[in-house]
Amino acid sequence: MPDDIKISLPDGSVRTEPAGTTARAVAEAIGPRLARAAVAARVNGDVWDLNRPIREDTELEILTEQDPAALEVLRHTAAHVLATAVRELFPDARIGFGPAIADGFYYDFEVPQPFTPEDLEAIEQKMREVAESDYALVREEVDRQGARERFKDDPLKLERLEELGDDETISVYSDGPFVDLCRGPHVPSTGKVKHFKLLHAAGAYWRGDSQRQMLQRIYGTAWFKKADLEAYLHRLEEAEKRDHRVIGKQLDLFSIQEDVGPGMILWHPRGAIIQHQLRRFIEDELLKRRYDLVFTPHVTREELFFRSGHLPHYEEQQFPAMAAGEGDADDARYRVKPMNCPMHTLVYAARQRSYRDLPVRLAEVANVYRNELSGTLHGLLRVRMLTMDDAHIFCREDQIEDEIFDMLDLTDLVLNKTFGFEYRIDLATRPEKKIGDDAAWEVAEQALERALKRLDLT
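Structure representation (structure tokens):
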């Protein structure tokens, strides 16, 4: 390790600092005002604690409250404050995971009984005591055996520990009496977590697996400023008044009934006519844009999803297989469709085509079925049977960009020009669980990026 390292700052300046320096030390050297405002740091693109040693040449940016990444760090620490409070009030609670999420945070706990509203009040009060104690968030890197010893009484943590690769750094964070297996980053101390509110508790399967034990997930929100917290809570109150589940019942649009099952929507006449008009609107627009409409079965042989790769990759989202139909081989099995891709591909492949026929655009307003976890179901927003306007475009490589451009134009027509919604487009690159080779993904990603630039969306 070199004695000195180069720290490159956003203004283009470069500082020479001793190896092992910290972002906090650099902030203090720049000036006391920045040091007081510092929350975390971006080190070579990754967000770090202010006190984590820097041992190599680095591009460094000090993050303050104004940076969205700093708010995520605050919420991550708020989750640890929550876990600290629960462990003090419920010493036998087993500790799961506690990440920051959009607008807040949560933490999972394995406890004998669900948390009550009174429990949440007591936990929130204990969190305030933890925050007022201003415990330092201390990061420590440990070896695997040392981590096993620390978490020998926490089976959920031990399970996560054993999943870490041999080359992964194992770090733990402590704040006062609480120690957690965690990558970080965190704000310097619990005293930074001042403006927060616990929202509710709900059941959640461990690791999202319905075959595993049910945990209790406590949700909360945290903000740097009291005014921001109050504004957010006000928005929640207003949204609750306009909850689509309440409006749907008041206007007699739809219902969800136990006899049918959770996540399955019964559309009443008034709701059905709305859906009918929406179908006509989108189908007419698709026909204008030279899409061909198709209709495909709701149930198909399971083998088709194995050929397409949707099985076994996405099996957890599919309903179980059904027995063979009359006249089928004994080993034939059927599934309700969770997506339309394989059947649209079969429609395309049903006859020989020339490259001159391309692009071929196949569209369907279809019902599909997904076996969502019961704890995630929410009115019309998360269901097990959904209606989707789904399309698949078969085109040459040189046509990809134009097809994406037209698809984005259609999206803007529907969301913005017709219904007045504001929306954001994110460029999603290849996921870890993917089908297809990297070369094909590279071509597709580049075409996506070019189309976004043409629409001035990047």
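Residue numbers (our numbering): 1 to 458. Note that the Cβ used here is the ideal one computed from N, Cα and C, for glycine as well.
Residues in the same chain with beta-carbon distance under 6 Å from His-392, minus the five sequence neighbours each way, listed in chain order, please. Start at 1 with the first residue of the sequence shown, and residue 392 comes out as number 392. Answer for His-392: His-344 and Leu-362, listed in chain order.
Below 7 Å CB to CB, which residues in the same chain sit around Val-73 once its five sequence neighbours on both sides are set aside? The count along the sequence shown starts at 1 and reaches residue 73 at position 73. Hits under 7 Å: Val-39, Ala-40, Val-47, Pro-185, His-186 and Val-187.
Strand pairing of Pro-99, partner residues [DSSP]: Sequence index remark: in the sequence shown, residue 99 carries index 99 (1-based). Beta-bridge pairing links Pro-99 to no other residue.
Quick check on the DSSP output: the beta strand (DSSP E) that includes Ser-460 runs from which residue to which? Residue 460 lies beyond the range of the chain shown here (1 to 458); nothing can be said about it.
On the CB-based measure, 16 or more other CB atoms within 10 Å of its CB, does Pro-338 come out buried or exposed? The count along the sequence shown starts at 1 and reaches residue 338 at position 338. Buried: at least 16 other Cβ atoms inside 10 Å.
Member of Val-365, Ile-400, Ser-354 and Gln-399 whose CA lies at the smallest distance from the CA of Met-461: Summary: the structure shown does not reach residue 461, with the chain confined to residues 1 through 458, and so no result is reported for it.
Assuming Met-388 is part of the beta strand (DSSP E), what are its boundary residues? If you number the sequence shown from 1, residue 388 lands on position 388. Met-388 -> beta strand (DSSP E) spans 385-394.
DSSP on Thr-77, reduced to helix/strand/coil? Here residue 77 corresponds to residue number 77 of the sequence shown, with the count starting at 1. Reduced to three states, the DSSP call for Thr-77 is helix.
Quick check: the Cα distance between Ile-123 and Cys-341, rounded to an integer number of angstroms? Working through the sequence shown from its first residue, we reach residue 123 at position 123. Working through the sequence shown from its first residue, we reach residue 341 at position 341. Each residue's alpha carbon lies about 47 Å from the other.
Is there contact here, the segment 275-284 with the segment 311-321, by at least three beta-carbon pairs under 8 Å? Counting C-beta pairs with one atom in each stretch, the segment 275-284 and the segment 311-321 have fewer than three that are closer than 8 Å, which means they do not touch.
Should the segment 370-380 be called in touch with the segment 187-206, which here means at least 3 C-beta pairs below 8 Å? yes
Select from Pro-99, Asp-284 and Glu-237 the residue whose C-alpha is nearest the C-alpha of Tyr-219. For the purposes of this step, residue 219 is taken as the residue at position 219 of the sequence shown. Among Pro-99, Asp-284 and Glu-237, the Cα nearest to that of Tyr-219 belongs to Pro-99.
Is the beta carbon of Tyr-173 closer than 9 Å to that of Val-138? Here the question's residue 138 lines up with position 138 in the sequence shown. Here the question's residue 173 lines up with position 173 in the sequence shown. Yes.
What ranges does the beta strand (DSSP E) occupy inside the segment 151-221, keeping only unbroken runs of at least 3 residues that lie completely in it? 170-175, 178-181 and 195-205
Residue closest to Ile-54, alpha-carbon to alpha-carbon, out of Phe-97, Glu-149, Gly-96 and Asp-3: For the purposes of this step, residue 54 is taken as residue 54 along the sequence shown, with counting starting at 1. Of Phe-97, Glu-149, Gly-96 and Asp-3, the residue nearest in Cα terms is Asp-3.
For the alpha helix (DSSP H) containing Thr-411, name the first residue and the last one. For the purposes of this step, residue 411 is identified with residue 411 of the sequence shown, where counting begins at 1. Here the alpha helix (DSSP H) through Thr-411 covers 400-412.
Tell me the rounded alpha-carbon separation between Arg-128 and Asn-367. Here residue 128 is taken as the residue at index 128 of the sequence shown, counted from 1. Here residue 367 is taken as the residue at index 367 of the sequence shown, counted from 1. Each residue's Cα considered, the two are about 48 Å apart.
With a threshold of 7 Å on Cβ separation, who are the neighbours of His-298 within its own chain once the five nearest residues in sequence on each side are excluded? Reading the sequence shown from its first residue, position 298 is the one you call residue 298. So the list reads Val-336, Lys-337 and Asn-367, once near-sequence residues are dropped.
Where the beta strand (DSSP E) containing Ala-136 begins and where it ends: Here residue 136 refers to the residue found at position 136 of the sequence shown. For Ala-136, there is no enclosing beta strand (DSSP E), as DSSP marks it with neither H nor E.
Of the listed residues Thr-77, Arg-207, Glu-238 and Glu-132, nearest to Arg-183 (C-alpha basis): As a working note, residue 183 is residue 183 in the sequence shown. Selected option, being the one with the closest Cα: Thr-77.
Presumed contact (8 Å Cβ cut-off) between Ile-170 and Asp-153, rounded CB distance: Working through the sequence shown from its first residue, we reach residue 170 at position 170. Working through the sequence shown from its first residue, we reach residue 153 at position 153. Not quite, the Cβ-Cβ distance comes to about 18 Å (not below 8 Å), so this is no contact.
Return yes when the Cβ of Phe-109 is within less than 9 Å of the Cβ of Phe-90, no when it is not. Start at 1 with the first residue of the sequence shown, and residue 90 comes out as number 90. Start at 1 with the first residue of the sequence shown, and residue 109 comes out as number 109. A contact, by the Cβ cut-off of 9 Å.
Do Glu-285 and Leu-415 count as a contact pair if the criterion is CB distance below 9 Å? Here the question's residue 415 lines up with position 415 in the sequence shown. Here the question's residue 285 lines up with position 285 in the sequence shown. No, these two residues do not count as a Cβ contact at 9 Å.
From Asp-209, Arg-353, Lys-192 and Arg-75, residue whose alpha carbon lies closest to that of Glu-132: Numbered from its first residue, the sequence shown carries residue 132 at position 132. Among Asp-209, Arg-353, Lys-192 and Arg-75, the Cα nearest to that of Glu-132 belongs to Lys-192.
Residue ranges of each beta strand (DSSP E) within the segment 240-312, 3 or longer: 299-301
Can you tell me whether Lys-157 is buried or exposed, with buried defined as 16 or more other CB within 10 angstroms of its CB? Indexing the sequence shown from 1 puts residue 157 at position 157. Buried is the call here.
What does DSSP give as the partner residues of His-378 in its beta bridges? As a first step, residue 378 is located in the sequence shown; it is residue number 378 there, counting from the start. DSSP output for His-378 lists Arg-382 as bridge partner(s).
Does the ligand NAP have even one heavy atom less than 8 Å from the beta-carbon of Asp-331? This structure lacks the ligand NAP, and indeed carries no ligand of any kind.
I need the DSSP call for Met-322, collapsed to helix, strand or coil. Your numbering for residue 322 matches position 322 in the sequence shown. Strand, per DSSP.
Assuming Leu-408 and Ala-451 are in contact, meaning their beta carbons sit under 8 Å apart, how far apart are those beta carbons, in whole angstroms? By 1-based counting over the sequence shown, the position of residue 408 is 408. By 1-based counting over the sequence shown, the position of residue 451 is 451. At roughly 6 Å, the Cβ-Cβ gap stays under 8 Å, so Leu-408 and Ala-451 are in contact.
Once DSSP output is grouped into helix, strand and coil, what is the label at Lys-337? As a working mapping, residue 337 is identified with position 337 in the sequence shown. Residue state, collapsed to three classes: coil.
Please go through the same chain and pick out, in chain order, the residues whose beta-carbon is closer than 7 Å to the beta-carbon of His-461, but skip the five residues on each side of it. The structure shown does not extend to residue 461, since the chain is modelled only from 1 to 458, so the question has no answer here.
Report the option in Gln-250, Glu-230, Ala-85 and Gln-211 whose CA atom is closest to the CA atom of Val-179. Taking the sequence shown and counting its residues from 1, one reaches residue 179 at position 179. Selected option, being the one with the closest Cα: Ala-85.
Which of helix, strand or coil does DSSP assign to Glu-110? On the sequence shown, residue 110 is found 110 positions in, with the first residue counted as 1. Of the three classes helix, strand and coil, the one that applies to Glu-110 here is strand, per DSSP.
Using a Cβ-Cβ cut-off of 7 Å (strictly less than) and excluding sequence neighbours within five positions of Lys-6, which residues of its own chain qualify? The residue given as residue 6 occupies position 6 in the sequence shown. Answer for Lys-6: Val-14, Thr-16 and Asp-57, listed in chain order.
For Ile-273, does the count of other Cβ atoms within 10 angstroms reach 16, so buried, or fall short, so exposed? Position 273 of the sequence shown holds residue 273. Exposed, by the Cβ-count rule.
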